[in-house]
Amino acid sequence: MPSTTLPPSPAGLRTVALGMPTADEIVSGTTRELSNRPRLPQTLGELEGAADDAAFHDAELPTEPMTINMGPSHPATHGTVRIVLTIDGETVKDADVQVGYLHRCFEKEAEYATYTQIFPYTDRLNYVSPLCNNVGYAMAVEKLLDVTSRIPERAQYIRVIVSEISRITDHLTCLGASAMEVGAFTPFLWMIKAREWLWELLEELTGARLTHSYVRIGGVAQDLTANFSERLRTTLHKAREAIEDTEKLIVKNRIFRDRMDGIAAFSAEDAIAWGWTGPCLRSTGVPYDVRKDHPYLVYDRFDFDVPVGSVGDNFDRFAVRLEEIRQSARILEQALVQIPPGPILMDDPRIAAPPKTAVYNTIEGMIGHFKLIVDGVKVPAGEVYSYIEGGNGELGFYIVSDGTGRPYKCHVRSPCFVIMQSLSKMIHGLGIADIIPTFGMINMIGGECDR
Amino acid sequence: MSKADLDKLTAQFPGAIVASHSRHGDDTAIIRTADFPAVMTWLRDAAGFDFLVDVTAVDYFGRDLRFEVVYHLRSMQTGSRLRITLQVGQIEDGPAPEVPSVVALWPSANWAEREVYDMYGIKFAGHPDLRRILMYEEFIGYPLRKDYPKEKRQPLIRRDYSIT
């Protein structure tokens with residue numbers, strides 16, 4: 001029988017016996033430290049111990065490369081993206097990732113809208129954490145107006161609160177959907193339920209479930225509702241239970257760990273060279289978080305940790321997001337205690353709309369309202385780059401103003417667009433089935449990636 | 001943010017800097033295109049700017065040097081940031097403007113430069129794979145140029161069913 005040499009093998013083959021918790025660990029409930037996980041065999045040779053299993057080798061037939069399409073509309077990817085794969089058997093030899101299916105001309109539309117009219121467009125960037133985008137955009141315009149220090153403190157706290165709720169909903173969606181895609185359907189239901197509670201709360205606050213358009217230049221649109229703090233505390237408690245249940249159910253689950261452990265590991269150097277930010281960068285061990293490194297709003301007043309991973313594989317990305325949900329909940333609890341009373345919008349008729357009573361009852365109020373609606377906020381000429389920590393990483397807005405009420409240029413630095421370009425590098429040499437959790441853990445959001 | 005990095009850059013390449021400013025706390029240097037590769041290499045290797053945040057462009061329609069290509073850099077060690085700007089022009093209906101690619105220095109520039117090419121028609125010399133990225137291949141024109149009308153529609157009439 002002729003002996004066929006196997007193609008150089010991928011990190012796609014794993015054993016089921018390693019990396020799993022022992023029976024004692026399961027009983028005692030201890031979580032294994034990420035860095036202590038045993039290294040998984042990376043090649044078939046390692047897996048087999050030696051190339052002694054001749055019968056197994058002979059059973060393999062030679063293969064030839066083949067090109068197939070994954071997407072743009074694939075049932076197992078939550079996002080419209082086309083991946084043209086060159087495969088050899090089950091192994092990905094080459095991948096051409098093509099984005100742009102959700103391109104909505106954000107930048108072109110923004111050049112024709114007043115600064116305030118752009119808020120609804122930003123809702124649709126990362127549509128699972130719209131309030132982060134709202135806040136990021138408002139802060140960019142405020143930086144250009146040089147009014148960052150004049151934003152009322154209460155408005156800054158409200159912005160932190162809604163941003164962190166959004167971050168939790170973003171991570172819940174990412175984790176739930178990814179767990180579902182590798183076969184764990186129950187956590188998906190729990191997490192989406194928790195997300196729905198948070199969205200109900202935001203709906204009560206902002207009037208919309210998903211596209212809130214809640215932040216304004218100079219503050220926010222509405223004050224917190226009367227029983228917001230209690231409801232948020234109750235909701236967070238329930239959401240935390242859902243997360244803990246999920247953790248118990250899948251973090252030590254053999255099938256889940258086999259699909260995530262060691263898959264698509266990325267080194268810290270590579271991650272920096274490829275422009276990664278957010279949970280993906282932190283999974284490789286780089287503790288870069290805009291909230292810590294360049295504190296904005298009132299983030300420097302909170303005590304929270306930045307979780308980092310050790311090997312940068314899919315499981316690290318999962319674990320980092322899971323921990324970030326807890327840290328966001330910590331920030332929320334501190335913010336609810338610290339939040340001061342006071343105004344929620346700047347008192348400057350050139351920037352913020354006057355209260356409705358003034359619009360209806362005074363001539364100055366009505367003129368101010370009219371000028372803001374028709375001409376928009378007059379932003380002095382200049383260019384500015386402002387960035388915040390969005391759900392997926394550094395969300396930046398580069399705005400150029402020519403002194404009118406409409407931006408001359410409004411560019412979004414989308415974190416998942418940058419990370420998506422390394423997908424073909426990440427899945428190179430893996431199996432086709434590994435694409436799904438890898439893609440899921442990048443958390444590509446079509447609206448943000450394609451703009 | 002301190003101006004230290006901008007001062008170091010000015011000291012290192014006195015002739016390369018067309019203009020610089022630190023408005024709104026964003027250190028900015030406009031670089032001559034001829035010196036651009038040397039400046040970027042120095043920034044990455046000697047000045048520690050190992051993280052390319054973003055590449056984009058602005059169309060200042062009506063100027064002689066019509067386009068500005070804007071690079072945002074960050075140092076992962078010190079956390080300082082820098083904006084590098086290149087000015088490049090195009091004679092009406094002349095060849096597409098071209099600037100050197102930085103993909104060899106920062107792989108993350110790959111898609112960002114493709115997006116600039118897609119939206120503004122600025123070519124990046126040395127880019128390994130300069131294709132349209134957000135628009136489809138058959139698209140004519142560059143949508144973010146100021147002379148591309150916002151209301152212009154281009155239905156995709158030809159479909160390419162081959163998968164490569």
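Residue numbers (the working numbering), protein chains in the order written: chain A, 1 to 451; chain B, 1 to 164. For each residue, glycine too, the CB sits at the ideal point set by N, CA and C. For clarity, every value in this text was computed on a predicted model and none was experimentally measured.
Outcome for Val337 of chain A when other beta-carbon atoms lying within 10 angstroms are tallied against a minimum of 16 | Counting from 1 along the first sequence, the entry for residue 337 of chain A is found at position 337. Val337 of chain A should be labelled exposed.
Say whether chain B places a C-beta atom closer than 8 Å to the C-beta of Lys93 of chain A.
-> Position 93 of the first sequence, counted from the first residue, corresponds to residue 93 of chain A. No, no contact with chain B.
Span of the alpha helix (DSSP H), counted from its first residue to its last, around Ser166 of chain A = On the first sequence, residue 166 of chain A is found 166 positions in, with the first residue counted as 1. That run of the alpha helix (DSSP H) goes Glu153 to Glu181.
Pair within 8 Å by beta-carbon distance, Arg317 of chain A and Met441 of chain A | Indexing the first sequence from 1 puts residue 317 of chain A at position 317. Indexing the first sequence from 1 puts residue 441 of chain A at position 441. Contact flag set, yes.
Taking Cβ positions only, does Arg124 of chain A come closer than 8 Å to chain B?
-> Within the first sequence, residue 124 of chain A is the residue found at index 124, counting from 1. It does not; no Cβ of chain B falls within 8 Å.
Contact belief for Arg124 of chain A with Gly447 of chain A at Cβ below 8 Å, rounded distance in angstroms = For the purposes of this step, residue 124 of chain A is taken as the residue at position 124 of the first sequence. For the purposes of this step, residue 447 of chain A is taken as the residue at position 447 of the first sequence. Right, the Cβ-Cβ distance comes to about 5 Å (below 8 Å), so this counts as a contact.
Mapping DSSP to helix, strand and coil, what is Ser328 of chain A?
-> As a first step, residue 328 of chain A is located in the first sequence; it is residue number 328 there, counting from the start. Assignment of Ser328 of chain A by DSSP, reduced to helix, strand and coil, places it in the helix class.
Near-chain B residues of the segment 250–283 of chain A - C-beta to any C-beta below 7 Å = Answer in chain order: Ile272, Ala273, Trp274 and Gly275.
Which residues, taken in chain order from the segment 392–408 of chain A, show a beta carbon closer than 8 Å to some beta carbon of chain B?
-> Hits within the stretch, in order: Glu394, Gly396, Tyr398, Val400 and Tyr408.
Please work out which residues of its chain come closer than 7 Å, Cβ to Cβ, to Leu34 of chain A, disregarding the five sequence neighbours upstream and downstream, and give them in chain order.
-> For the purposes of this step, residue 34 of chain A is identified with residue 34 of the first sequence, where counting begins at 1. Summary for Leu34 of chain A: the model assigns pLDDT 45, below 50, so the residue's position carries little reliability; its value from the coordinates is reported in the next sentence. Only residues of its own chain outside the window of five on either side were considered, and among them Gly309, Ser310, Asp316 and Ala319 have a CB closer than 7 Å to the CB of Leu34 of chain A, listed in chain order.
At a Cβ cut of 9 Å, what residues of the segment 292–320 of chain A count as close to chain B, listed as they run along the chain?
-> Asp293 and His294
Can you tell me which of A:Gly365, A:Pro341 and A:Thr234 puts its alpha carbon nearest to the alpha carbon of Asn350 of chain A?
-> In the first sequence, residue 350 of chain A corresponds to position 350, counting from 1. It should be pointed out that residue 350 of chain A corresponds to Arg in this sequence rather than to Asn. Checked all of A:Gly365, A:Pro341 and A:Thr234; the closest Cα to Arg350 of chain A is A:Gly365.
By Cβ distance below 6 Å, which residues in the same chain neighbour Val359 of chain A in space, the five residues on each side in sequence not counted?
-> Translated into positions along the first sequence, residue 359 of chain A becomes position 359. So the qualifying residues of the chain are Gly365, Met366 and His369.
Whether Met426 of chain A touches Phe266 of chain A by CB criterion (8 Å) | What you label residue 426 of chain A is simply residue 426 of the first sequence in a count that begins at 1. What you label residue 266 of chain A is simply residue 266 of the first sequence in a count that begins at 1. With contacts defined by Cβ atoms closer than 8 Å, Met426 of chain A and Phe266 of chain A form a contacting pair.
Excluding sequence positions up to five away, which residues of its chain have a Cβ less than 7 Å from the Cβ of Pro343 of chain A?
-> Taking the first residue of the first sequence as 1, we reach residue 343 of chain A at position 343. Once the five neighbours on either side are set aside, the close Cβ partners of Pro343 of chain A are Pro152 and Arg154.
Contact check, Ser414 of chain A vs Trp274 of chain A under 8 Å by CB: the rounded distance?
-> Here residue 414 of chain A refers to the residue found at position 414 when the first sequence is read from its first residue. Here residue 274 of chain A refers to the residue found at position 274 when the first sequence is read from its first residue. About 14 Å separates the two Cβ atoms, so there is no contact after all.
Name the two residues that bound the continuous alpha helix (DSSP H) containing Pro424 of chain A.
-> Here residue 424 of chain A refers to the residue found at position 424 when the first sequence is read from its first residue. For clarity, residue 424 of chain A is Ser in the given sequence; the question names Pro instead. Element bounds for Ser424 of chain A: Leu423 to Ile427.
How about Cys132 of chain A and Ser178 of chain A: do their beta carbons lie closer than 8 Å?
-> Along the first sequence, read from residue 1 onward, the residue named residue 132 of chain A stands at position 132. Along the first sequence, read from residue 1 onward, the residue named residue 178 of chain A stands at position 178. Not a contact, by the Cβ cut-off of 8 Å.
From Phe13 of chain B to Leu86 of chain B, what does the alpha carbon distance come to, in whole angstroms?
-> In the second sequence, residue 13 of chain B corresponds to position 13, counting from 1. In the second sequence, residue 86 of chain B corresponds to position 86, counting from 1. So the two alpha carbons sit approximately 15 Å from each other.
Which chain B residues are close to His411 of chain A, counting only those with a beta carbon under 7 Å from its beta carbon?
-> To locate residue 411 of chain A, count along the first sequence from 1; it is residue 411. Here the neighbours are Thr56.
Measuring only between beta-carbons, confirm whether Gly79 of chain B sits less than 8 Å from chain A.
-> Along the second sequence, read from residue 1 onward, the residue named residue 79 of chain B stands at position 79. Yes, because at least one Cβ of chain A sits closer than 8 Å to the Cβ of Gly79 of chain B.
Per DSSP, what kind of secondary structure is Val400 of chain A in: helix, strand or coil?
-> Against the first sequence, residue 400 of chain A aligns to sequence position 400. Note: Val400 of chain A maps to strand in three-state DSSP.
Any Cβ of chain A within less than 8 Å of the Cβ of Ile17 of chain B?
-> Taking the first residue of the second sequence as 1, we reach residue 17 of chain B at position 17. The beta carbon of Ile17 of chain B does not come within 8 Å of any beta carbon belonging to chain A, so the residue lies off that interface.
Thinking just about the alpha-carbon of each residue, which of A:Thr122, A:Cys174 and A:Asp96 is nearest to the one in His78 of chain A?
-> Residue 78 of chain A sits at position 78 when you count from the first residue of the first sequence. Taking only the C-alpha atoms, the option nearest His78 of chain A is A:Cys174.
Output the distance between the C-alpha atoms of Arg240 of chain A and Ser129 of chain A, rounded to the nearest integer angstrom.
-> To locate residue 240 of chain A, count along the first sequence from 1; it is residue 240. To locate residue 129 of chain A, count along the first sequence from 1; it is residue 129. Arg240 of chain A and Ser129 of chain A: Cα-Cα distance of roughly 18 Å.
Roughly how many angstroms separate the alpha carbons of Glu68 of chain B and Gln90 of chain B, rounded to a whole number?
-> In the second sequence, residue 68 of chain B corresponds to position 68, counting from 1. In the second sequence, residue 90 of chain B corresponds to position 90, counting from 1. Roughly 11 Å separates the two Cα atoms.
Are the CB atoms of Leu130 of chain B and Gly100 of chain A nearer to each other than 8 Å?
-> Taking the second sequence and counting its residues from 1, the one referred to as residue 130 of chain B is at position 130. Taking the first sequence and counting its residues from 1, the one referred to as residue 100 of chain A is at position 100. Cβ atoms of Leu130 of chain B and Gly100 of chain A: not closer than 8 Å.
Nearest chain B C-beta to Val128 of chain A closer than 8 Å, yes or no?
-> To locate residue 128 of chain A, count along the first sequence from 1; it is residue 128. Using a Cβ-Cβ cut-off of 8 Å, Val128 of chain A does not count as an interface residue toward chain B, since no Cβ of chain B sits closer than that to its own.
Going by alpha carbons, who is nearest to Val99 of chain B out of B:Ile122, B:Arg23 and B:Arg145?
-> Mapped onto the second sequence, residue 99 of chain B falls at position 99. Ranking B:Ile122, B:Arg23 and B:Arg145 by Cα distance to Val99 of chain B puts B:Ile122 first.
Tell whether a beta-carbon distance below 8 Å holds between Thr86 of chain A and Gly429 of chain A.
-> In the first sequence, residue 86 of chain A corresponds to position 86, counting from 1. In the first sequence, residue 429 of chain A corresponds to position 429, counting from 1. Contact: no.
When burial is assigned at 16 or more other CB atoms within 10 Å of the CB, is Gln156 of chain A buried or exposed?
-> Along the first sequence, read from residue 1 onward, the residue named residue 156 of chain A stands at position 156. Gln156 of chain A should be labelled buried.
Proximal chain A residues relative to Val103 of chain B, where beta-carbon distance stays under 8 Å | Against the second sequence, residue 103 of chain B aligns to sequence position 103. Residues of chain A passing the Cβ test: none, with the nearest at roughly 11 Å.
Report yes or no: do three or more beta-carbon pairs, one from the segment 388–405 of chain A and one from the segment 283–300 of chain A, lie closer than 8 Å?
-> yes
Which word fits Ala353 of chain A, buried or exposed, when buried means at least 16 other C-beta atoms lie within 10 angstroms of its C-beta?
-> On the first sequence, position 353 is the one that residue 353 of chain A refers to. Buried, because 16 or more other Cβ atoms sit within 10 Å of the Cβ of Ala353 of chain A.
Coil, strand or helix - Ala239 of chain A by DSSP = Residue mapping note: residue 239 of chain A aligns to position 239 of the first sequence, counting from 1. It is helical.
State yes or no: is the C-beta of Pro380 of chain A within less than 8 Å of the C-beta of Gly403 of chain A?
-> Here residue 380 of chain A corresponds to residue number 380 of the first sequence, with the count starting at 1. Here residue 403 of chain A corresponds to residue number 403 of the first sequence, with the count starting at 1. In contact: Pro380 of chain A and Gly403 of chain A (Cβ atoms closer than 8 Å).
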